[in-house]
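Note that numbering that gives the first Met the number 0 has the sequence shown beginning at 0, numbered continuously upward. Cβ coordinates follow ideal geometry from the N, Cα and C atoms, glycine included. These figures come from a predicted structure and were not determined experimentally. Input: a single structure, listed below in structure tokens.
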Amino acid sequence: MKAILYAGILVMLAMLVCGCTTTPPSEEKPPRTQKIPNLLGNWSGTMTGYTEGKGFIDYSGTQITMMVTGQKDRIFTGKFV
Numbered sequence: 000m001k002a003i004l005y006a007g008i009l010v011m012l013a014m015l016v017c018g019c020t021t022t023p024p025s026e027e028k029p030p031r032t033q034k035i036p037n038l039l040g041n042w043s044g045t046m047t048g049y050t051e052g053k054g055f056i057d058y059s060g061t062q063i064t065m066m067v068t069g070q071k072d073r074i075f076t077g078k079f080v
């Protein structure tokens, strides 16, 4: 009878120790938002295009310039020159 009592006390102590030594769950941090770059201004470079049925086309030596005149968050407006 004493063995059963001691075994029960030992089991309860083990459960108490296991429950008291666990760490609380850590709070998840919200995803960090990336800073949106300022695209206003003139952008130029070599031209690559896409034609349906042909795919991407490299217009070797052809320069293209885009004037970005407005931007709100990730949306920008402008014109090709």
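Residue range of the unbroken beta strand (DSSP E) whose run includes residue i
i	result
I63	G54 to K71
S25	Segment: none, S25 is in no beta strand (DSSP E) and carries neither H nor E.
M46	G40 to T50
I74	I74 to F79
Assumed close pair residue i, residue j - CB separation to whole angstroms, cut-off 8 Å
i	j	result
F79	M65	5 Å
G77	V67	4 Å
L38	Q70	6 Å
Residue-level contact to chain C via CB, residue i, 7 Å cutoff
i	result
S59	This model lacks chain C altogether; it includes just one protein chain.
Decide if the stretch 40 to 51 is in contact with the stretch 9 to 29; the criterion is three or more beta carbon pairs, one per stretch, under 8 Å apart. A contact is defined here as three or more CB-CB pairs under 8 Å, and the stretch 40 to 51 fails this definition with respect to the stretch 9 to 29.
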